[in-house]
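Before any comments, here is the structure.
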Amino acid sequence: MLPVGEPNPPNEKHSVSVSLPTWESVAAWGRREQWLLSRDRFGMHPSVRKLMDAVCARLRTPEDLSCLIFPSADATARCTARLSAEHPDETCHTVKFQSHQPADEEALRWAAFFVVLFPQACLSTAMHFWKVFGDGIAGRHAEYCLAALPSMDSYAKDTVFESSAPCRDHPTWDLQWVNSAAAEKESIRSLIARLVSSDQPGYRPVSSHDVFLYPKGMCAIAAVARALVPHSAELSEAVIYGWPYAETPLCVKESDYKRSTLLSAGSKQELDELESSLAAGRRIQVLFCEVPSNPQLRTPDLPRIHALAAQYNFIVAVDDTLGTFVNIDVLPYVDVIMTSLTKIFSGMCNVMGGSVVVNPQSSHYTTIHSALTALYEDTYFPLEAMVMSQNASDFEERVKQCSASALTIANLLAKHPSVAQLYYPSLVPSRQFYDQVRRKNGGYGYLLSIVFHKPETAMRFYDVLDLCKGPSVGTNFSLAIPYSLLAHFREQDWAESEGGIDRHMVRISVGLEREEDLIARIQDALTAATADY
Numbered sequence: 000m001l002p003v004g005e006p007n008p009p010n011e012k013h014s015v016s017v018s019l020p021t022w023e024s025v026a027a028w029g030r031r032e033q034w035l036l037s038r039d040r041f042g043m044h045p046s047v048r049k050l051m052d053a054v055c056a057r058l059r060t061p062e063d064l065s066c067l068i069f070p071s072a073d074a075t076a077r078c079t080a081r082l083s084a085e086h087p088d089e090t091c092h093t094v095k096f097q098s099h100q101p102a103d104e105e106a107l108r109w110a111a112f113f114v115v116l117f118p119q120a121c122l123s124t125a126m127h128f129w130k131v132f133g134d135g136i137a138g139r140h141a142e143y144c145l146a147a148l149p150s151m152d153s154y155a156k157d158t159v160f161e162s163s164a165p166c167r168d169h170p171t172w173d174l175q176w177v178n179s180a181a182a183e184k185e186s187i188r189s190l191i192a193r194l195v196s197s198d199q200p201g202y203r204p205v206s207s208h209d210v211f212l213y214p215k216g217m218c219a220i221a222a223v224a225r226a227l228v229p230h231s232a233e234l235s236e237a238v239i240y241g242w243p244y245a246e247t248p249l250c251v252k253e254s255d256y257k258r259s260t261l262l263s264a265g266s267k268q269e270l271d272e273l274e275s276s277l278a279a280g281r282r283i284q285v286l287f288c289e290v291p292s293n294p295q296l297r298t299p300d301l302p303r304i305h306a307l308a309a310q311y312n313f314i315v316a317v318d319d320t321l322g323t324f325v326n327i328d329v330l331p332y333v334d335v336i337m338t339s340l341t342k343i344f345s346g347m348c349n350v351m352g353g354s355v356v357v358n359p360q361s362s363h364y365t366t367i368h369s370a371l372t373a374l375y376e377d378t379y380f381p382l383e384a385m386v387m388s389q390n391a392s393d394f395e396e397r398v399k400q401c402s403a404s405a406l407t408i409a410n411l412l413a414k415h416p417s418v419a420q421l422y423y424p425s426l427v428p429s430r431q432f433y434d435q436v437r438r439k440n441g442g443y444g445y446l447l448s449i450v451f452h453k454p455e456t457a458m459r460f461y462d463v464l465d466l467c468k469g470p471s472v473g474t475n476f477s478l479a480i481p482y483s484l485l486a487h488f489r490e491q492d493w494a495e496s497e498g499g500i501d502r503h504m505v506r507i508s509v510g511l512e513r514e515e516d517l518i519a520r521i522q523d524a525l526t527a528a529t530a531d532y
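This is the structure:
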């Protein structure tokens, strides 16, 4: 295991995970203790922080103003609109940076960025927006903009924030990606299209034209949520079925639907009640769900949901990040698929990305595709896409290996006397629904969650477990975390009562290590954690 605050994996400056090797270190992060916050790896990417500091220095902003940086005008406008709505008495400013003289079109495009300046009273709202919608500038993009900053002018309605480039000589650009990594982006789209296509008779292959790429997984979810907001108030309800990724309900709720409803149990009873209300005249626009869910690995009854959607004319949007294109075939039952490519699609834990696939045979195809296209802006920084494309070259093989090891480990843990509940798609009551969408040679995925009989066993197990520990899943190396402590630190009682999320649950994302080594490490941790039994 790595020391607290070190990147997962070690020495990776673009890591999307950070080491939290003890139960107490996770709790300290939940409390936002200063000794953790002062470390570079917690919170924003270090390069994003550097760009923010450089911008504030350049603009000579007062100490009571903070800033966030976005790659698009649209995200900037949405952020300022949210700040204005939440803090009508506060004044926010937007600033655009761009090159002061002619240069290569692509160099100009990717060097330009937008800044939102806001007072400290707005900080919590601003950071909430940044976290929930995923629109902030990426690390590699920030590095590029930081290098370009001396040759860029700033433009703002408030002239106090306008400035001329201090360097009048145009920088020498490294333009290996001058085409915006078009080939790599098309490679990613084509790979996704091939793998997501259905094995079922009568389903034609998905085209790369039906795959949209985004800088982060939350950007993909947010894009779908925004695109599907209807004009009719009667239809303006989104349903989230089953316990989702922590940010998803917030993202959907704050995307301007009149109503959003969380059916947290993802149960037959909730589906029965939804059907009854639809039969009585209720109308919804879209139902979001995960296959399987995080962290309980439950699978919704997609055939039934699909039948209800056909009968009552709503859209089904599925997040298949944990199921993966390799293991499951959900296309016959859904209209749109959202995936965090940051996870096992990349595997290397050093780049972010997201995708949306529109089912070409969906009855809502034209509506969804047109709405996404109307809102779409390619803000996926070329160097990020190039890394993602390279990482994904062995995606299929990695999914198969991780899934095979996870199944073995899940079966082993389920039999241990200290374990009260083992969550894994093949070991939970919803297995039949997973099997309905599992591909012929598909596995059950790479993620499992453990609930021990005794809380102290969970804490000891986590502390002594000799694996990488920290946020994220789908990494090529195994990665563990106390899920509720990380994702619901300030709402653990609610998560336990509403979603059945045990506050001492330990989640493990199984990686590519030799299966025998993983088993030995887990058994050693079990032995140490239960030594007093």
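Position 291 of the sequence shown, counting from 1, maps to 290 under numbering that gives the first Met the number 0, and the rest follow consecutively. We put the CB at the ideal spot given by N, CA and C, even for glycine. Quick caveat: nothing in here was measured; it's all calculated off a predicted structure.
Hey, L296 and Y422 are a contact pair by Cβ (cut 8 Å); roughly how many whole angstroms apart?
Indeed they touch by this definition, with Cβ atoms about 5 Å apart.
Q | Own chain, CB closer than 6 Å to P331, minus 5 neighbours either side, in chain order | A | S197 and Q199
### Task
Please work out which residues of its chain come closer than 6 Å, Cβ to Cβ, to T378, disregarding the five sequence neighbours upstream and downstream, and give them in chain order.
The answer, listed in chain order, is P70, S71 and P214.
Going by alpha carbons, who is nearest to V350 out of H44, C401 and R30? H44
* Shortest alpha-carbon distance to H13 belongs to which of K184, S179, V94 and V47? -> V47
What distance in whole Å lies between the Cβ atoms of I343 and R430, which are believed to be in contact at a cut-off of 8 Å?
Rounded, the Cβ-Cβ distance is 21 Å, inconsistent with contact.
Tell me the rounded alpha-carbon separation between C78 and F128. 7 Å
Following the continuous beta strand (DSSP E) through V195, name the residue where it begins and the one where it ends.
V195 -> not in any beta strand (DSSP E); alpha helix (DSSP H) instead, spanning A181 to V195.
(Q) Suppose the cutoff is 6 Å on Cβ atoms and the five residues either side in sequence are ignored; what does the same chain contact list for R502 look like? (A) Excluding positions up to five away in sequence, the list reads S483, Q491 and E495.
Worksheet item: Curious, which full-length beta strand (DSSP E) runs of at least 3 residues does the stretch 318-344 contain?
Response: 335-339
TODO: Please state whether DSSP places V524 in a helix, a strand or coil.
DONE: Strictly speaking, residue 524 in this sequence is Ala, with Val absent from that position. Of the three classes helix, strand and coil, the one that applies to A524 here is helix, per DSSP.
**Asked** For the ligand MN, any of its heavy atoms closer than 6 Å to the Cβ of R193?
**Response** Looking at this structure, you won't find the ligand MN or any other ligand, since it has none at all.
query = Any contact of the stretch 410-420 with the stretch 282-294, i.e. 3+ C-beta pairs under 8 Å?
reply = As far as the Cβ criterion goes, the stretch 410-420 does not touch the stretch 282-294, which means the pair count is below three.
Notebook entry, point to check: From P424 to G444, what distance separates their C-alpha atoms?
Noted result: 8 Å
Q. Anyone know if the C-beta pair for S448 and V472 falls short of 7 Å?
A. no
### Task
Could I get the ranges of all uninterrupted beta strand (DSSP E) runs contained in the stretch 116-176, with 3 residues as the minimum, in chain order?
Note on the stretch 116-176: whole beta strand (DSSP E) runs with a minimum of 3 residues are 151-155, in chain order.
Problem set entry | Candidates L212, L411 and M51, of which the one nearest M387 by Cα | Measuring from the Cα of M387, the nearest candidate turns out to be L212.
Q | Spatial distance of M337 from D531 (CA atoms) | A | 45 Å
Are at least three pairs of beta-carbons, each pair with one atom in the stretch 216-225 and one in the stretch 142-157, less than 8 Å apart?
no
Counting C-beta neighbours from all protein chains within 10 Å, is the total for W242 16 or more, i.e. buried, or is it exposed?
A buried status is given to W242, since no fewer than 16 other beta-carbon atoms sit within 10 Å of its beta-carbon.
**Prompt:** Do I239 and L261 have their C-beta atoms within less than 7 Å of each other?
**Reply:** Result yes, Cβ atoms of I239 and L261 sit closer than 7 Å.
TODO: Decide if Q268 is buried, meaning its Cβ has at least 16 other Cβ atoms within 10 Å, or exposed.
DONE: exposed
May I have a chain-ordered list of the beta strand (DSSP E) segments no shorter than 3 residues that lie completely inside the stretch 29-89?
64-69
*Between the Cα of V17 and the Cα atoms of E23, E5, W28 and A26, which residue gives the shortest distance?*
E5
- Task: Tell me, please, whether the stretch 106-125 touches the stretch 57-70 by the rule of three or more beta-carbon pairs shorter than 8 Å.
- Result: yes
Cross-strand partners of R506 (DSSP beta bridge): Residue pairing by DSSP places R506 opposite S448 and I480 in a beta bridge.
Checklist entry - Taking the beta strand (DSSP E) that V418 falls in, what are its first and last residues? => result V418 to Y422
> F113 and T75: beta carbons closer than 7 Å?
Replying inline: yes
Is the beta carbon of V205 sitting closer than 7 Å to the one on A219?
no
* Locate the alpha helix (DSSP H) running through E497, then write down its first and last residues. => Taken as a continuous stretch (DSSP letters only), the alpha helix (DSSP H) holding E497 covers Q491 to G498.
Which word fits G201, buried or exposed, when buried means at least 16 other C-beta atoms lie within 10 angstroms of its C-beta? exposed
Answer yes or no: do T456 and A528 have a C-beta to C-beta separation smaller than 7 Å? yes
*asked:* Please state the DSSP three-state secondary structure of C348.
replied: coil
(message) How far does the beta strand (DSSP E) with K399 in it extend, from its first residue to its last?
(response) Unbroken run through K399 is the alpha helix (DSSP H), F394 to A413; no beta strand (DSSP E).
- Thinking C-beta only, is S263 closer than 7 Å to E497? yes
Decide yes or no for the touch test of the stretch 101-110 against the stretch 21-38: beta carbon pairs closer than 8 Å, at least 3 of them.
no
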